[in-house]
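> Pasting a structure here, questions to come.
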Amino acid sequence: MAKETAGIVLPRHIGFIMDGNGRWAAKRGLPRSLGHKAGAEALRKVVDACRRRGISYVTLYAFSTENWKRPDDEIQALMKLFKEYLDEARGFMGKNTRIIFLGDKSPFPEELRSKMISLEKDSAHHTAMTVMLAMNYGGRDDIVYAAKRIAQLYADKDITAEDINEKTFGGLLYTGSAPDADLIVRSSGEQRLSNFLLWQSAYAEFYFTDTLWPDFDEKELEKALTVYSGRSRRYGGV
Ligand code: IPE
Ligand code: IPE
Ligand code: MG
Numbered sequence: 386m387a388k389e390t391a392g393i394v395l396p397r398h399i400g401f402i403m404d405g406n407g408r409w410a411a412k413r414g415l416p417r418s419l420g421h422k423a424g425a426e427a428l429r430k431v432v433d434a435c436r437r438r439g440i441s442y443v444t445l446y447a448f449s450t451e452n453w454k455r456p457d458d459e460i461q462a463l464m465k466l467f468k469e470y471l472d473e474a475r476g477f478m479g480k481n482t483r484i485i486f487l488g489d490k491s492p493f494p495e496e497l498r499s500k501m502i503s504l505e506k507d508s509a510h511h512t513a514m515t516v517m518l519a520m521n522y523g524g525r526d527d528i529v530y531a532a533k534r535i536a537q538l539y540a541d542k543d544i545t546a547e548d549i550n551e552k553t554f555g556g557l558l559y560t561g562s563a564p565d566a567d568l569i570v571r572s573s574g575e576q577r578l579s580n581f582l583l584w585q586s587a588y589a590e591f592y593f594t595d596t597l598w599p600d601f602d603e604k605e606l607e608k609a610l611t612v613y614s615g616r617s618r619r620y621g622g623v
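Position 210 of the sequence shown, counting from 1, maps to 595 under the numbering used here, and the rest follow consecutively.
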C-alpha cells in the first residue's frame, strides 16, 4: 500500500482540512473573501506538489454541510470562487487527473452543479491521480447517504442483510472505491475533524500545523510528509 520515494513512505491518500482563510485575511485587514481567494491559490499549488510526488488520492475539504451557517455575503463569495475555480480546474489539475466531488450537489446553484457534473464525467477515465473536492460534505451525511442506498438495495431485494459488511458499506460512501485516508492535515491550529471523512479516517495519521491555509505551501507539505513517514502504523496489531 505504502509508496516509497527517496526513503520516505508516502501516503496513498491524503486529506486536507483547509482552515484559516478568514484569519489570514483578518490579519491583513482584508475581507474574508480575499482569504478564500488566497486559499484557492494555495490549493492549486498543493495539488500540483502532491501530483509531482506521485500521491494517488488527494481530498480537499472546501465547504462543509455546516458552512451554510455563514453570512450570506460570504456564501455568495464562495460560490463565485468555486465557479471560477472549476472553470480553471481542467487546466491546472493535470491532464490525467480524475476529479470527484464528495457531498450532495443539490443545494448548489444550477450553473455550479452542472460544472461539477461535467468535470466528473469528463475526467472519469483519468488514471494518474484522483482529486476529491469535498463540497457540501459532512462525514455524518456521507454515512447516512450510504445507509439510505443500502436500505434501497435491500428494499429492491438486490442485497441481503448478510451482504452488508464494512467493505460493501464503505464502497457506497461518496469516496466509493478510493482507499481510506492515510494522512489528514489540518491547518490554522485547530485540532478537530469538523465532520471530515469520519469513516475513512478510522486509521489515518493526523498532522496539525498553526500555519494558516493560504500560507500552506510545498515546504509545509514536505514537513507533513516527513512526519507521516516517521509514524508507526499498527492498525491494532503489535
Ligand atoms: C476555511 O477557512 C475555508 C472554509 C471553511 C470555506 P475559514 O473560512 O474557516 O477560516 P477561519 O477559520 O475563519 O480563519
Ligand atoms: C472546516 O473548517 C471546514 C472546511 C475547511 C471546509 P471550519 O472553519 O468550518 O470548522 P470549525 O467551525 O472551526 O470547526
Ligand atoms: Mg475555519
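Using N, Cα and C, we set each Cβ at its ideal position, and we do this for glycine too. Quick caveat: nothing in here was measured; it's all calculated off a predicted structure.
If you draw a straight line from the C-alpha of Lys490 to the C-alpha of Ile484, how long is it?
Along the sequence shown, one-based indexing puts residue 490 at 105. Along the sequence shown, one-based indexing puts residue 484 at 99. Taking the straight line from one Cα to the other gives about 14 Å.
> Using a Cβ-Cβ cut-off of 7 Å (strictly less than) and excluding sequence neighbours within five positions of Val612, which residues of its own chain qualify?
Taking the first residue of the sequence shown as 1, we reach residue 612 at position 227. Only residues of its own chain outside the window of five on either side were considered, and among them Tyr592 have a CB closer than 7 Å to the CB of Val612, listed in chain order.
> Would you kindly report the start and end of the unbroken alpha helix (DSSP H) that includes Phe467?
Looking up residue 467 in the sequence shown gives position 82. That run of the alpha helix (DSSP H) goes Asp457 to Phe477.
> Look up Met514 in the DSSP assignment and give the residues it is bridged to.
Along the sequence shown, one-based indexing puts residue 514 at 129. Per DSSP, Thr482.
> Are there any heavy atoms of ligand 5 lying less than 7 Å away from the beta-carbon of Asp404, as far as the coordinates show?
Questions concerning ligand 5 fall outside what the structure shown contains, since the ligands it does hold are ligand 1, ligand 2 and ligand 3.
> If we count the other Cβ atoms within 10 Å of its Cβ and call it buried at 16 or more, is His421 buried or exposed?
Taking the first residue of the sequence shown as position 1, residue 421 is located at position 36. His421 comes out buried.
> Verify whether the separation of the beta carbon atoms of Gln618 and Glu590 is less than 8 Å.
In the sequence shown, the residue the question calls residue 618 occupies position 233. In the sequence shown, the residue the question calls residue 590 occupies position 205. Here the sequence assigns Arg to residue 618, which means Gln is not the residue at that position. Yes, they are a contact pair.
> DSSP state of Tyr588, grouped into three classes?
Taking the sequence shown and counting its residues from 1, the one referred to as residue 588 is at position 203. Coil, per DSSP.
> For Ser503, which three-state DSSP category applies?
As a working note, residue 503 is residue 118 in the sequence shown. Of the three classes helix, strand and coil, the one that applies to Ser503 here is helix, per DSSP.
> Comparing C-alpha positions only, which one of Gln585, Tyr620, Arg408 and Pro599 sits nearest to Val443?
Your numbering for residue 443 matches position 58 in the sequence shown. Val443 has its Cα closest to that of Gln585, out of Gln585, Tyr620, Arg408 and Pro599.
> For Val394, which three-state DSSP category applies?
Here the question's residue 394 lines up with position 9 in the sequence shown. The answer is strand: DSSP assigns Val394 an E or B state.
> Give me whichever residues DSSP pairs with Ser449 in a beta bridge.
Along the sequence shown, one-based indexing puts residue 449 at 64. The partner list for Ser449 (beta bridge, DSSP) reads Tyr522.
> Would you identify the three-state DSSP class for Ile399, choosing helix, strand or coil?
As a first step, residue 399 is located in the sequence shown; it is residue number 14 there, counting from the start. Note: Ile399 maps to strand in three-state DSSP.
> Let me know the secondary structure DSSP gives Met386 once reduced to three states.
Working through the sequence shown from its first residue, we reach residue 386 at position 1. At Met386 the pLDDT is 47, less than 50, meaning the model places this residue with poor confidence; the figure from the coordinates comes in the next sentence. The answer is coil: DSSP assigns Met386 none of H, G, I, E or B.
> Alpha carbon to alpha carbon, how far is Gly405 from Asp600? Give it in angstroms, no decimals.
Within the sequence shown, numbered from 1, the residue matching residue 600 stands at position 215. Within the sequence shown, numbered from 1, the residue matching residue 405 stands at position 20. Roughly 9 Å separates the two Cα atoms.
> Return the first residue and the last residue of the alpha helix (DSSP H) that Arg436 is part of.
Here residue 436 refers to the residue found at position 51 of the sequence shown. Where Arg436 is concerned, the enclosing alpha helix (DSSP H) stretches over Arg417 to Arg438.
> Between which two residues does the beta strand (DSSP E) carrying Val570 extend?
For this step, residue 570 is matched to residue 185 along the sequence shown. It spans Leu568 to Arg571 - the beta strand (DSSP E) in which Val570 sits, taken as one unbroken run.
> Below 8 Å on the Cβ atoms is my contact criterion, and I expect Ala513 with Gly479 to pass it. Report the Cβ-Cβ distance as a whole number of Å.
On the sequence shown, residue 513 is found 128 positions in, with the first residue counted as 1. On the sequence shown, residue 479 is found 94 positions in, with the first residue counted as 1. Contact flag correct, Cβ pair sits at about 6 Å.
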